[in-house]
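So for the first sequence, our numbering puts the first residue at 227; every next one is plus one. Cβ atoms here follow ideal geometry from the backbone N, Cα and C, with glycine treated the same way. The structure displayed is predicted, hence computed values, not measured ones. Worksheet: one structure, shown below.
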Amino acid sequence: MSLRLFNTLSRQKEVFIPLTDKRVKIYVCGVTVYDFCHLGHARAYIVWDVVRRYLEFCGYNVEYVQNITDVDDKILKRAQEENVTITELTDRFIQEYNKDMASLNIKTADRYPKATEHIQGMIEIIQSLIDKDIAYVVGGDVYYAVQKFPSYGKLSHRSLDSMQAGASGRVADSEGEVKRYPFDFALWKAAKPGEPYWSSPWGNGRPGWHIECSAMVKSCLGETIDIHAGGADLQFPHHENEIAQSEAHTGKPLARYWMHNGFVNIGGQKMSKSLKNFKTIRSVLEYYDPMAVRLFILQAHYRQPIDFTEEAMDSATKSWQLIHEGLRFNLDFAAKMDWCKDQELKDNQYLQDFRAAMDDDFNTPVALSIVFELAKILKKERNMLEHGSANHLNSHEVIQIQQTLQKICDTLGLTAANSATRQSGTLTIQAELLDTNHHINQTIPEEEIQLLIAQRKEAKKQKNYQEADRIRDELKAKGIELIDQKGGDTLWRYIST
RNA sequence: GGCGGCAUAGCCAAGUGGUAAGGCAGAGGUUUGCAAAACCUUUAUCCCCCAGUUCGAAUCUGGGUGCCGCCUCCA
Numbered sequence: 227m228s229l230r231l232f233n234t235l236s237r238q239k240e241v242f243i244p245l246t247d248k249r250v251k252i253y254v255c256g257v258t259v260y261d262f263c264h265l266g267h268a269r270a271y272i273v274w275d276v277v278r279r280y281l282e283f284c285g286y287n288v289e290y291v292q293n294i295t296d297v298d299d300k301i302l303k304r305a306q307e308e309n310v311t312i313t314e315l316t317d318r319f320i321q322e323y324n325k326d327m328a329s330l331n332i333k334t335a336d337r338y339p340k341a342t343e344h345i346q347g348m349i350e351i352i353q354s355l356i357d358k359d360i361a362y363v364v365g366g367d368v369y370y371a372v373q374k375f376p377s378y379g380k381l382s383h384r385s386l387d388s389m390q391a392g393a394s395g396r397v398a399d400s401e402g403e404v405k406r407y408p409f410d411f412a413l414w415k416a417a418k419p420g421e422p423y424w425s426s427p428w429g430n431g432r433p434g435w436h437i438e439c440s441a442m443v444k445s446c447l448g449e450t451i452d453i454h455a456g457g458a459d460l461q462f463p464h465h466e467n468e469i470a471q472s473e474a475h476t477g478k479p480l481a482r483y484w485m486h487n488g489f490v491n492i493g494g495q496k497m498s499k500s501l502k503n504f505k506t507i508r509s510v511l512e513y514y515d516p517m518a519v520r521l522f523i524l525q526a527h528y529r530q531p532i533d534f535t536e537e538a539m540d541s542a543t544k545s546w547q548l549i550h551e552g553l554r555f556n557l558d559f560a561a562k563m564d565w566c567k568d569q570e571l572k573d574n575q576y577l578q579d580f581r582a583a584m585d586d587d588f589n590t591p592v593a594l595s596i597v598f599e600l601a602k603i604l605k606k607e608r609n610m611l612e613h614g615s616a617n618h619l620n621s622h623e624v625i626q627i628q629q630t631l632q633k634i635c636d637t638l639g640l641t642a643a644n645s646a647t648r649q650s651g652t653l654t655i656q657a658e659l660l661d662t663n664h665h666i667n668q669t670i671p672e673e674e675i676q677l678l679i680a681q682r683k684e685a686k687k688q689k690n691y692q693e694a695d696r697i698r699d700e701l702k703a704k705g706i707e708l709i710d711q712k713g714g715d716t717l718w719r720y721i722s723t
């Protein structure tokens, strides 16, 4: 089996063959840092994170570059509104971006080039396009003449004719039109008074939006890369224009594979800046576990739209608990099982099924069905033990299943590490695990819980069920759940959310 | 107007020619003083509608209906 992925260029699934054996160069269009990240960003970067992790799982050496747009009209506007410099503004939101990504367990890119650090590279490309008579200067602006690039439209599969016919009203009426042709786009914009600027052969100004990616791809990864990815909304015009710039400049294909992720909808409607219906990542994380968010996103295929609803998130939250319990198995039961460490993970049917799913254009919903299967086995074993029954798988089998689950979850970026969970009161729990759960409402000391449990046991013995139930209710109100075992013993744990 | 996507159980969602994965929710049972937790079992004769191709279609073809997106800053 080999990896096949959907290439926007051909609109087909293609076998993935990297430019250089065992190395993959990926460039992902990053954020414009003038505001908090929203769920759409979460989806995009989770999806590309999984693509990257899977390629690494397959043994590729992945070079992952994601740019930061730190100069553009919106940044300028926001900086003016807040009366700060653009650097102050962008530095702040880069920090916020990093926090959001870390909470979602998104691996950091190998490089985060900033637009402002690549102005010289942009100027060089623009100059070469002018020299080739593909770009033209008007006043202090420079525009790209799309009609000079014969394959313009090949990515988004549209022709200049059809766009002009359709856009009718919109195309003609832009203010102060100095372009020779409606779909020509800016490579360089002359600075208006009071705006930050860089000097250039065409006067003081700043780069257009699209040119930065052309310059940064070239500088960081080279003239042709393997995968160029981004949200579906970047397909046109952003990526189309990048292709026009880079390929006219180098004469070589910019990327072999173009991948685009679907949107996040809110109540069936696209979440967007203009509709003002977007939800920020941190506002969502106030209510939901970050891994539930990841699961919510990976439960649909990356090219399909997903609808963010409370119901879907509740479902994902509960689903995550199942996986989480599977992942926690080794932590909770390492001491109980006849645990042989350092056992090597052997290839098995689950891993093969996982590969088959992911090889088919990153079919994470199917991959997750395998995760659920594994997690259920472990959860069951765990509960058998917790409820005092004997386990029925031998430790060797359990370890293999545990490690398989761990491996697959690592590849999907699902981790138990930064996720709150229930915690059992009487079972051996490793210190490191306790550390991760300190934010759980630790309201009552353990001794007190044990005392109440003992009192309840005594009440039950005397058939004083009213008192026994009262104690049970009292603990429940404090977030503690009792588990009566078969032999008459009682365990406790925090109620899972 | 141009281009594209989607329509599968109460909800979410795979499958894309061989007789419906998975998650959530629901139901029944075992257990229990009663619960909870847990465990076991179970939940679409059918995949928007019509016609066609085929031994056979949710899956292919033609037509229809509905929803959504891109063409404008956007992940």
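(request) Determine the direct distance from the alpha carbon of I272 to that of Y338, and round the result to whole angstroms. (result) For this step, residue 338 is matched to residue 112 along the first sequence. For this step, residue 272 is matched to residue 46 along the first sequence. For Y338 and I272, the distance between alpha carbons rounds to 16 Å.
(message) Under DSSP, the beta strand (DSSP E) around Q471 begins and ends at which residues?
(response) Here residue 471 refers to the residue found at position 245 of the first sequence. Counting along the chain, Q471 falls outside any beta strand (DSSP E), though it belongs to the alpha helix (DSSP H) covering E466 to T476.
(request) In the DSSP assignment, find the beta strand (DSSP E) that holds R482 and state where it starts and stops. (result) Walking along the first sequence from the start, residue 482 turns up at place 256. Per DSSP, R482 belongs to the beta strand (DSSP E) from A481 to N487.
(message) Using 7 Å as the threshold, is the C-beta distance between L640 and G552 below it?
(response) For the purposes of this step, residue 640 is taken as the residue at position 414 of the first sequence. For the purposes of this step, residue 552 is taken as the residue at position 326 of the first sequence. Result no, Cβ atoms of L640 and G552 do not sit closer than 7 Å.
(request) Assign V241 to buried or exposed, taking buried as 16 or more other Cβ atoms, counted over all protein chains shown, within 10 Å of its Cβ. (result) Taking the first sequence and counting its residues from 1, one reaches residue 241 at position 15. So V241 ends up on the exposed side.
(message) I need the straight-line Cα distance from P422 to V404, nearest angstrom please.
(response) Here residue 422 refers to the residue found at position 196 of the first sequence. Here residue 404 refers to the residue found at position 178 of the first sequence. When the Cα atoms are used, P422 and V404 turn out to be separated by approximately 22 Å.
(request) Could you check what DSSP says for Q688 in three-state terms: helix, strand or coil? (result) Indexing the first sequence from 1 puts residue 688 at position 462. Reduced to three states, the DSSP call for Q688 is coil.
(message) Let me make sure I understand the geometry here. Which of Q711, Y513, V510 and F489 has the alpha-carbon closest to that of A526?
(response) Translated into the one-based positions of the first sequence, residue 526 becomes position 300. When only C-alpha atoms are compared, the closest one is F489.
(message) If we require 4 or more residues per run, which alpha helix (DSSP H) segments fall completely within the region 255-299?
(response) 265-283
(request) Have a look at V291 and E438 and give me their C-alpha separation to the nearest angstrom. (result) Position 65 of the first sequence, counted from the start, is the residue given in the question as residue 291. Position 212 of the first sequence, counted from the start, is the residue given in the question as residue 438. For V291 and E438, the distance between alpha carbons rounds to 13 Å.
(request) My understanding is that N491 touches F534, with C-beta atoms under 8 Å, so please give their C-beta distance in whole angstroms. (result) Within the first sequence, residue 491 is the residue found at index 265, counting from 1. Within the first sequence, residue 534 is the residue found at index 308, counting from 1. Contact flag correct, Cβ pair sits at about 7 Å.
(message) DSSP has A416 in a bridge; who is on the other side?
(response) As a working note, residue 416 is residue 190 in the first sequence. DSSP lists G431 as the beta-bridge partner residues of A416.
(message) Once DSSP output is grouped into helix, strand and coil, what is the label at L315?
(response) Locating residue 315 in the first sequence gives position 89, counting from the first residue. In the structure shown, L315 sits in a helix (DSSP, three-state: H, G or I).
(request) Mind listing, in chain order, the continuous beta strand (DSSP E) runs of no fewer than 3 residues lying wholly within the region 309-369? (result) 361-364
(message) With H, G and I counted as helix, E and B as strand and the rest as coil, what does DSSP make of Q495?
(response) Translated into the one-based positions of the first sequence, residue 495 becomes position 269. Look at Q495 here: in three-state DSSP terms it is strand.
(request) Could you pull the start and end residues of the alpha helix (DSSP H) that L594 belongs to? (result) Locating residue 594 in the first sequence gives position 368, where the first residue counts as 1. From DSSP, the alpha helix (DSSP H) with L594 extends over T590 to E612.
(message) Considering only the alpha carbon of each residue, which of L611, A270, G366 and I451 lies closest to I724?
(response) Past the edges of the chain, shown from 227 to 723, lies residue 724, and the structure says nothing about it.
(message) Going by the DSSP bridge assignment, what does A455 pair with across the sheet?
(response) Position 229 of the first sequence, counted from the first residue, corresponds to residue 455. Paired residue(s): V254 and M485.
(request) Please determine, among E684, V310, D710 and P479, the residue with the shortest C-alpha to C-alpha distance to L235. (result) Counting from 1 along the first sequence, the entry for residue 235 is found at position 9. The option with the nearest alpha carbon to L235 is P479.
(message) Going by DSSP in three states, Q238 sits in which element: helix, strand or coil?
(response) As a first step, residue 238 must be located in the first sequence, where it is residue number 12. Strand at Q238.
(request) Tell me Y720's beta-bridge partners as DSSP assigns them. (result) Numbered from 1 along the first sequence, position 494 holds the residue referred to as residue 720. Answer by DSSP bridge pairing, in chain order: I706.
(message) On the CB-based measure, 16 or more other CB atoms within 10 Å of its CB, does N430 come out buried or exposed?
(response) Here residue 430 refers to the residue found at position 204 of the first sequence. Residue burial annotation: N430 is exposed, with fewer than 16 other C-beta atoms found within 10 angstroms of its C-beta.
(request) Please name the residue in I352, V597 and C284 whose C-alpha comes closest to that of A474. (result) Your numbering for residue 474 matches position 248 in the first sequence. Cα-wise, what sits closest to A474 is I352.
(message) What does the alpha-carbon distance come out to for the pair K333 and E350?
(response) Locating residue 333 in the first sequence gives position 107, counting from the first residue. Locating residue 350 in the first sequence gives position 124, counting from the first residue. Their backbone Cα atoms lie some 32 Å apart in a straight line.
(message) Report the start-end ranges of each alpha helix (DSSP H) in the region 493-535 that is 4 residues or longer and not cut off at the edges.
(response) 507-511 and 516-524
(request) Could you tell me whether the Cβ atoms of F319 and T506 are closer together than 7 Å? (result) Here residue 319 refers to the residue found at position 93 when the first sequence is read from its first residue. Here residue 506 refers to the residue found at position 280 when the first sequence is read from its first residue. Not closer than 7 Å, so no.
(request) Assign S500 to buried or exposed, taking buried as 16 or more other Cβ atoms, counted over all protein chains shown, within 10 Å of its Cβ. (result) On the first sequence, residue 500 is found 274 positions in, with the first residue counted as 1. Exposed.
(message) According to DSSP, simplified to helix, strand and coil, what is V404?
(response) Sequence index remark: in the first sequence, residue 404 carries index 178 (1-based). Coil.
(message) Please return the same chain residues whose Cβ sits closer than 8 Å to the Cβ of L302, not counting the five positions on each side in sequence.
(response) The residue given as residue 302 occupies position 76 in the first sequence. Around L302: I312, E421 and P422.
(request) Please confirm whether V250 and I294 have their CB atoms less than 7 Å apart. (result) Against the first sequence, residue 250 aligns to sequence position 24. Against the first sequence, residue 294 aligns to sequence position 68. No. Outside cutoff.
(request) Go through its chain and collect everything with a Cβ distance to P531's Cβ below 6 Å, but skip five positions before and after it. (result) As a working mapping, residue 531 is identified with position 305 in the first sequence. Correct list, in chain order: G488, F489 and N491.
(request) Please state if the CB of I523 and the CB of R269 are separated by a distance shorter than 7 Å. (result) Position 43 of the first sequence, counted from the start, is the residue given in the question as residue 269. Position 297 of the first sequence, counted from the start, is the residue given in the question as residue 523. With respect to I523, R269 sits close: the two C-beta atoms are nearer than 7 Å.
(request) Using three-state DSSP, classify L231 as helix, strand or coil. (result) Here residue 231 corresponds to residue number 5 of the first sequence, with the count starting at 1. Looking at L231 - three-state DSSP - the assignment turns out to be strand.
(message) Going by beta-carbon coordinates alone, are I549 and V597 separated by less than 7 Å?
(response) For the purposes of this step, residue 549 is taken as the residue at position 323 of the first sequence. For the purposes of this step, residue 597 is taken as the residue at position 371 of the first sequence. Yes, the Cβ-Cβ distance between I549 and V597 is below 7 Å.
(request) Put T246 into one of helix, strand or coil per three-state DSSP. (result) Taking the first residue of the first sequence as 1, we reach residue 246 at position 20. Assignment of T246 by DSSP, reduced to helix, strand and coil, places it in the strand class.
(request) Compute the distance between the beta-carbons of Q461 and S382, then report whether it is under 7 Å. (result) Stepping through the first sequence from its first residue, residue 461 is reached at position 235. Stepping through the first sequence from its first residue, residue 382 is reached at position 156. Yes, they are a contact pair.
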